[in-house]
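Novice: Taken in sequence, the protein lines are chains A and B.
Remember, the working numbering sits 15 above the position in the first sequence when you count from 1.
Remember, the working numbering sits 397 above the position in the second sequence when you count from 1.
Each residue gets a CB set at the ideal place from its N, CA and C atoms; glycine is no exception.
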Amino acid sequence: GAVVSQHPSRVICKSGTSVKIECRSLDFQATTMFWYRQFPKQSLMLMATSNEGSKATYEQGVEKDKFLINHASLTLSTLTVTSAHPEDSSFYICSATSFGASNQPQHFGDGTRLSIL
Amino acid sequence: AQTVTQSQPEMSVQEAETVTLSCTYDTSESDYYLFWYKQPPSRQMILVIRQEAYKQQNATENRFSVNFQKAAKSFSLKISDSQLGDAAMYFCAYRSIGGSQGNLIFGKGTKLSVKP
Chain A
16 GAVVSQHPSR VICKSGTSVK IECRSLDFQA TTMFWYRQFP KQSLMLMATS
66 NEGSKATYEQ GVEKDKFLIN HASLTLSTLT VTSAHPEDSS FYICSATSFG
116 ASNQPQHFGD GTRLSIL
Chain B
398 AQTVTQSQPE MSVQEAETVT LSCTYDTSES DYYLFWYKQP PSRQMILVIR
448 QEAYKQQNAT ENRFSVNFQK AAKSFSLKIS DSQLGDAAMY FCAYRSIGGS
498 QGNLIFGKGT KLSVKP
């Protein structure tokens, strides 16, 4: 089956640091990737949708200057949390799908646990 | 906007027994997809079952089946012969058909415990 690799799986860093999370589709071309955030014991909340070669579409309330998303190729999307603060600590998970996004299954990465000290 | 509601924050079932997890949703669309995802403590999202709204037949996957009631906008998950490995968070999710986005809208989840 389709595999999505998300790296790193765990990050612990100091406040003010920028953190980059990578989401790679290993065996298919991901025209669309989604970035979700999950707080403890809560559901996944969509942060943004990125389509290869175009700017990401952010959900209401998500700061695009805070959470930079790049989807420069059909196999890689990155989420950069800029100048991270403790309130940015969360579980971030990506998913990827291919052509005709709404009719194709989404394949999830294993997530990244981000802890800001 | 579409919404997904899971009214059971926690459920418990005895091993080998059957349990049903509830999910309701709200939409004005006539065609869409519905999903159940399992998230074990490892936090990996695992697709359990998928239902296309235009199909009347309820989807089944081995011990997992759904009761899809389109008019009532209900999409419950039945787990038969529960196993210890079924213990996890279960999320119901909705996705529109058409358009270019296709993002999932999740319910708040139900934590399932399986007692030996």
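Report the rounded CA-to-CA distance for B:SER409 versus B:ASN455, giving the unit in angstroms.
Specialist: Counting from 1 along the second sequence, the entry for residue 409 of chain B is found at position 12. Counting from 1 along the second sequence, the entry for residue 455 of chain B is found at position 58. If I take the Cα positions, the gap works out to 24 Å.
Novice: Whole angstroms are fine: how far does the CA of B:ALA468 sit from the CA of A:HIS22?
Specialist: Sequence index remark: in the first sequence, residue 22 of chain A carries index 7 (1-based). Sequence index remark: in the second sequence, residue 468 of chain B carries index 71 (1-based). About 42 Å.
Novice: Check whether the stretch 32-42 of chain A touches the stretch 85-96 of chain A, taking contact to mean three or more Cβ pairs, one atom from each stretch, closer than 8 Å.
Specialist: Yes, the stretch 32-42 of chain A touches the stretch 85-96 of chain A.
Novice: Would you check if the stretch 424-431 of chain B and the stretch 473-487 of chain B touch, i.e. whether three or more CB-CB distances between them fall below 8 Å?
Specialist: Segments in contact, no.
Novice: List the whole-angstrom C-beta distance separating B:ALA485 from B:VAL401, where the pair is believed to meet the contact cut-off of C-beta under 8 Å.
Specialist: Stepping through the second sequence from its first residue, residue 485 of chain B is reached at position 88. Stepping through the second sequence from its first residue, residue 401 of chain B is reached at position 4. Rounded, the Cβ-Cβ distance is 18 Å, inconsistent with contact.
Novice: Where B:SER493 and A:SER30 are concerned, what is the direct C-alpha to C-alpha distance, given to the nearest angstrom?
Specialist: As a working note, residue 493 of chain B is residue 96 in the second sequence. As a working note, residue 30 of chain A is residue 15 in the first sequence. Answer to the nearest angstrom: the Cα atoms are 38 Å apart.
Novice: Under 7 Å Cβ-Cβ, which residues of chain B neighbour A:THR97?
Specialist: Counting from 1 along the first sequence, the entry for residue 97 of chain A is found at position 82. Within 7 Å Cβ-Cβ: nothing; A:THR97 doesn't reach chain B, min ~23 Å.
Novice: My assumption, with CB atoms under 8 Å, is that A:ILE4 sits in contact with A:LEU132. Please give the rounded CB distance.
Specialist: No information on residue 4 of chain A is available, as it lies outside the stretch 16 to 132 that chain A covers here.
Novice: Any beta carbon of chain A sitting closer than 7 Å to that of B:GLN448?
Specialist: Residue 448 of chain B sits at position 51 when you count from the first residue of the second sequence. Taking Cβ atoms only, chain A never reaches closer than 7 Å to B:GLN448, which makes this a no.
Novice: Write down the C-beta distance between B:LYS512 and B:GLU449 rounded to the nearest angstrom, noting that I regard them as a contact closer than 8 Å.
Specialist: Mapped onto the second sequence, residue 512 of chain B falls at position 115. Mapped onto the second sequence, residue 449 of chain B falls at position 52. That belief does not hold up - the Cβ atoms of B:LYS512 and B:GLU449 are roughly 34 Å apart, past 8 Å.
Novice: Find the nearest neighbour of A:SER105 within the set A:ALA111, A:MET62, A:ASN66, A:PRO120, judged by alpha-carbon distance.
Specialist: In the first sequence, residue 105 of chain A corresponds to position 90, counting from 1. Selected option, being the one with the closest Cα: A:MET62.
Novice: Since A:ASN85 sits in a beta bridge, which residues does DSSP pair it with?
Specialist: Locating residue 85 of chain A in the first sequence gives position 70, where the first residue counts as 1. DSSP output for A:ASN85 lists A:THR93 as bridge partner(s).
Novice: Which first and last residues belong to the beta strand (DSSP E) in which A:GLU37 is found?
Specialist: Looking up residue 37 of chain A in the first sequence gives position 22. Where A:GLU37 is concerned, the enclosing beta strand (DSSP E) stretches over 34-40.
Novice: From the beta carbon of A:GLY126, is the nearest beta carbon of chain B less than 7 Å away?
Specialist: Locating residue 126 of chain A in the first sequence gives position 111, counting from the first residue. Chain B contact via Cβ: present.
Novice: If you measure between the beta carbons of A:ALA99 and A:VAL19, is that distance less than 7 Å?
Specialist: By one-based count along the first sequence, residue 99 of chain A stands at place 84. By one-based count along the first sequence, residue 19 of chain A stands at place 4. Not a contact, by the Cβ cut-off of 7 Å.
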